[in-house]
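Asker: Just dropping this structure here.
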Amino acid sequence: MPVQVRIGDGQYVSGMIPLRDGVTLHVAEGATLIGSDNPEDYQSIDPFVDATGQNRGTCLIGALA
Numbered sequence: 591m592p593v594q595v596r597i598g599d600g601q602y603v604s605g606m607i608p609l610r611d612g613v614t615l616h617v618a619e620g621a622t623l624i625g626s627d628n629p630e631d632y633q634s635i636d637p638f639v640d641a642t643g644q645n646r647g648t649c650l651i652g653a654l655a
């Protein structure tokens, strides 16, 4: 069953927003998403090490299988 997540006008501070199959995110024109300053608010998705040796795989909006 499809699921819709809607974010209305305003400013929102959030950690990672995970989106699974069948979920769509709708962000209103007047909405602002701000990433949290706390690294613990982010889940690592398919982590990898980049060419400079830095760990990557965290994001504000992530697609999960």
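If you count the sequence shown from 1, you need to add 590 to reach this note's numbering.
Where is the CB? At the ideal position from N, CA and C, for every residue including glycine.
Since this is a predicted model, take the numbers as computed values, not measurements.
State yes or no: is the C-beta of residue 647 within less than 8 Å of the C-beta of residue 637?
Answerer: For residue 647 and residue 637, yes; Cβs fall inside 8 Å.
Asker: Between which residues of its own chain and residue 612 is the CB-CB distance below 8 Å, once the five residues before and five after are set aside?
Answerer: Hits under 8 Å: 591, 592, 593.
Asker: List the DSSP bridge partners of residue 648.
Answerer: Residue 648 pairs with 634.
Asker: Would you report the Cα separation of residue 602 and residue 642, rounded to the nearest angstrom?
Answerer: Approximately 32 Å between the Cα atoms of the pair.
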